[in-house]
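Colleague:
Protein chains in written order, with our numbering: chain A, 152 to 421; chain B, 3 to 318.
1. Measure from the alpha carbon of residue 294 of chain A to the alpha carbon of each residue in A/382, A/402 and A/208, then state which is nearest.
2. Counting only Cβ pairs nearer than 8 Å, list the residues of chain B close to residue 223 of chain A.
3. In the DSSP assignment, what residue or residues form a beta bridge with residue 190 of chain B?
4. Could you tell me whether the Cβ of residue 71 of chain B comes closer than 7 Å to any Cβ of chain A?
5. Since residue 155 of chain A is in the alpha helix (DSSP H), which residue starts that stretch and which ends it?
6. For a contact meaning CB atoms closer than 8 Å, what does residue 34 of chain B contact in chain A?
7. May I ask you to verify whether the stretch 4-20 of chain B touches the stretch 398-414 of chain A, counting CB pairs closer than 8 Å and requiring at least 3?
8. Give every residue of the same chain whose Cβ lies closer than 8 Å to the Cβ of residue 312 of chain B, excluding the five residues on either side of it in the sequence, and list them in chain order.
9. Leaving aside the five residues before and after residue 60 of chain B along the sequence, list all residues of the same chain whose C-beta is less than 8 Å from its C-beta, in chain order.
10. What does residue 52 of chain B reach in chain D if we use C-beta pairs closer than 8 Å?
11. So which residues of chain B does residue 306 of chain A contact, with C-beta pairs closer than 7 Å?
12. Around the Cβ of residue 246 of chain B, are there at least 16 other Cβ atoms within 10 angstroms (buried) or fewer (exposed)?
13. Buried or exposed: where does residue 205 of chain B fall if 16 or more other Cβ atoms within 10 Å of its Cβ makes it buried?
14. Could you name the residues of the stretch 263-278 of chain A whose beta carbon sits closer than 9 Å to any beta carbon of chain B, in the order they occur along the chain?
15. Who pairs with residue 212 of chain A in a beta bridge, going by DSSP?
16. I want to see whether chain B comes within less than 7 Å of residue 183 of chain A, judged by CB atoms only; does it?
17. According to DSSP, residue 278 of chain B sits in a beta bridge with which residue or residues?
18. Less than 7 Å between the C-beta atoms of residue 276 of chain A and residue 70 of chain B, yes or no?
19. Residues of the stretch 244-262 of chain A with a CB closer than 7 Å to any CB of chain B: list them in chain order, please.
20. How far does the alpha helix (DSSP H) with residue 365 of chain A in it reach, from first residue to last?
21. Helix, strand or coil: how does DSSP classify residue 358 of chain A here?
22. Classify residue 298 of chain A: buried if its beta carbon has 16 or more other beta carbons within 10 angstroms, exposed otherwise.
23. Is there a Cβ of chain B sitting closer than 7 Å to that of residue 280 of chain A, yes or no?
24. Would residue 98 of chain B count as contacting chain A if we go by Cβ distances under 7 Å?
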């Protein structure tokens with residue numbers, strides 16, 4: 152897939168995220184738009200997983216610890232053929248399996264997440280299992296930067312380096328905002344690179360909207376043999392829509408009719 | 003009066019059973035939080051160093067890791083003191099084990115007031131209440147060595163999460179080892195129709211003692227080991243309520259939200275009313291002492307329970 156195609160995909164994904172959030176009148180707009188390019192690269196360039204392979208014990212695992220950005224995951228999974236996109240018409244509706252956080256009832260989703268600070272421990276368990284079973288699958292988990300204040304992440308970070316889990320790759324969607332405001336104002340996690348390095352991880356930083364850079368970096372995992380890899384993807388919350396970008400209030404705000412039309416037009420013009 | 007032969011700690015039976023399982027099945031794993039000694043798992047660790055995962059003192063991470071391991075088809079026993087495991091890691095049990103349906107075998111050791119004088123930080127008298135409200139996890143509190151062995155074997159086979167709560171006192175043999183064991187099917191230890199003790203875990207022995215004492219006064223007490231708190235054996239409970247004049251429930255747990263209230267709920271909603279008493283740890287600052295001293299203080303003793311039964315029958 153050429154660079155232009157993957158860029159086009161992200162534009163389409165953004166349109167779909169907004170469309171289904173608008174239809175459901177619920178969803179996490181800002182975070183889904185910040186991580187969609189990461190998911191695009193993962194599912195279209197990196198992960199060894201497909202609908203046909205989903206029961207293969209040696210498939211790569213993707214655990215979305217920041218479960219609230221599920222709309223981004225849904226549109227990518229639909230595009231990859233895990234389920235018909237029309238299913239997303241039921242998002243957050245009565246009796247739908249397409250809940251506002253990931254659940255295994257949806258084909259393609261590995262684990263139920265949504266409570267923050269859970270995904271990394273589960274991923275450590277999956278990575279240990281891979282080592283024990285001598286399978287060469289990798290485990291990728293996506294964390295929010297606000298989520299990193301949950302102490303369980305640091306418990307898991309310790310264990311990952313203790314067990315030399317070089318089959319584990321954590322990606323931080325570093326959009327620097329959370330529901331209350333700037334992450335650094337709510338509870339500063341900087342210096343994040345040094346913190347993870349001190350916990351025994353090999354850390355790299357990347358522009359989380361630069362497809363080539365992300366692909367290049369993710370294809371180079373593990374960053375070092377016998378060590379877990381952390382990729383800090385610097386992103387813009389609400390990326391792609393001028394009036395949504397970098398505004399904490401858009402964490403889970405649903406666009407009005409007018410805002411929706413405006414956003415679609417901006418994406419068309421991209 | 004009948005004397006019950008003393009066995010060993012249910013914990014030791016647990017670890018021996020898991021080790022036997024591990025010898026036959028390479029997919030058996032144990033995950034611990036600096037708890038291999040208190041879980042009597044040193045021998046397991048020596049025999050299967052590659053199949054014991056030490057996480058350190060980090061219960062949330064412990065259960066999350068166990069869930070990840072279990073999701074790959076392994077039979078995973080996660081072992082940690084019940085007081086920490088079912089409180090600090092409750093959200094991981096709820097989401098990563100139960101909600102995601104990763105069939106983790108959650109083993110709460112030194113449960114109830116086993117840690118006695120160490121105080122309330124180390125007591126687990128909330129675990130039934132907390133876990134009963136969570137969908138998709140069975141709750142088992144075996145009474146003796148036989149029930150423990152059977153519970154562990156059954157837990158290994160079940161495809162869904164299960165919680166088994168174990169104490170650390172050597173336990174008397176109560177159940178005939180020929181008795182069939184099934185999760186959710188209570189075991190009758192003794193027949194009688196004047197009063198019934200519906201007990202679980204390490205309090206079943208005190209109920210059996212009470213029944214012996216009552217028989218010397220001509221009162222015939224039935225003793226039920228309700229080893230599975232959830233799903234509760236409704237059939238057994240209703241039969242007991244129809245055949246006996248009064249029911250005393252006994253548990254090493256808060257009187258709120260445990261076996262007693264589970265039984266009361268079934269009885270009341272079935273329209274059955276009979277003299278009924280929940281015996282457990284009352285809603286107060288738990289007294290200091292060894293497990294059996296705490297039991298006696300709250301009438302969880304042969305004498306205490308016999309007195310409660312007589313008092314109930316006097317109202318009948």
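Virtual Cβ for every residue (Gly too), placed ideally from N, Cα, C.
Modeller: So, from the data block:
1. Looking up residue 294 of chain A in the first chain gives position 143. Of the listed residues, the one whose Cα sits closest to residue 294 of chain A is A/382.
2. Here residue 223 of chain A corresponds to residue number 72 of the first chain, with the count starting at 1. None at all; the shortest Cβ gap to chain B is about 20 Å.
3. Taking the second chain and counting its residues from 1, one reaches residue 190 of chain B at position 188. For residue 190 of chain B, the beta-bridge partners assigned by DSSP are B/226.
4. Translated into positions along the second chain, residue 71 of chain B becomes position 69. It does: the Cβ of residue 71 of chain B has a partner Cβ on chain A nearer than 7 Å.
5. What you label residue 155 of chain A is simply residue 4 of the first chain in a count that begins at 1. Per DSSP, residue 155 of chain A is one residue of the alpha helix (DSSP H) stretching across 154-175.
6. Taking the first residue of the second chain as position 1, residue 34 of chain B is located at position 32. For residue 34 of chain B, none of the residues of chain A pass the 8 Å Cβ criterion, the least Cβ distance being about 12 Å.
7. They do not touch, by the three-pair rule.
8. Along the second chain, one-based indexing puts residue 312 of chain B at 310. Counting only Cβ-Cβ distances below 8 Å, and skipping sequence neighbours, we find 216, 219 and 221.
9. Your numbering for residue 60 of chain B matches position 58 in the second chain. For residue 60 of chain B, where only same-chain residues beyond five positions count, the Cβ hits under 8 Å are 35.
10. Going by chain labels, chain D is absent from the structure shown, which instead holds the protein chains A and B.
11. Here residue 306 of chain A refers to the residue found at position 155 when the first chain is read from its first residue. Per Cβ cutoff of 7 Å: 60, 62 and 63.
12. Position 244 of the second chain, counted from the start, is the residue given in the question as residue 246 of chain B. With 16 or more neighbouring CB atoms inside 10 Å of its own CB, residue 246 of chain B falls in the buried class.
13. As a first step, residue 205 of chain B must be located in the second chain, where it is residue number 203. Classification of residue 205 of chain B: buried, given that the 10 Å Cβ count is 16 or more.
14. Answer set for the stretch 263-278 of chain A: 263, 264, 265, 266, 268, 269, 270, 271, 272, 273, 274, 275, 276, 277 and 278.
15. The residue labelled residue 212 of chain A in the question sits at position 61 within the first chain. Under DSSP, residue 212 of chain A forms a beta bridge with A/290.
16. Mapped onto the first chain, residue 183 of chain A falls at position 32. Residue 183 of chain A has a beta carbon lying at 7 Å or more from every beta carbon in chain B.
17. Counted from its first residue, the second chain places residue 278 of chain B at position 276. In the DSSP output, where bridge partners are listed per residue, residue 278 of chain B has B/249.
18. The residue labelled residue 276 of chain A in the question sits at position 125 within the first chain. The residue labelled residue 70 of chain B in the question sits at position 68 within the second chain. Cβ distance < 7 Å, so residue 276 of chain A and residue 70 of chain B count as in contact.
19. Residues 255 and 262.
20. As a first step, residue 365 of chain A is located in the first chain; it is residue number 214 there, counting from the start. Residue 365 of chain A -> alpha helix (DSSP H) spans 362-370.
21. Within the first chain, numbered from 1, the residue matching residue 358 of chain A stands at position 207. Here residue 358 of chain A sits in strand by DSSP.
22. Counting from 1 along the first chain, the entry for residue 298 of chain A is found at position 147. Burial call: buried.
23. For this step, residue 280 of chain A is matched to residue 129 along the first chain. Residue 280 of chain A counts as touching chain B.
24. The residue given as residue 98 of chain B occupies position 96 in the second chain. The beta-carbon of residue 98 of chain B is placed less than 7 Å from the nearest beta-carbon of chain A.
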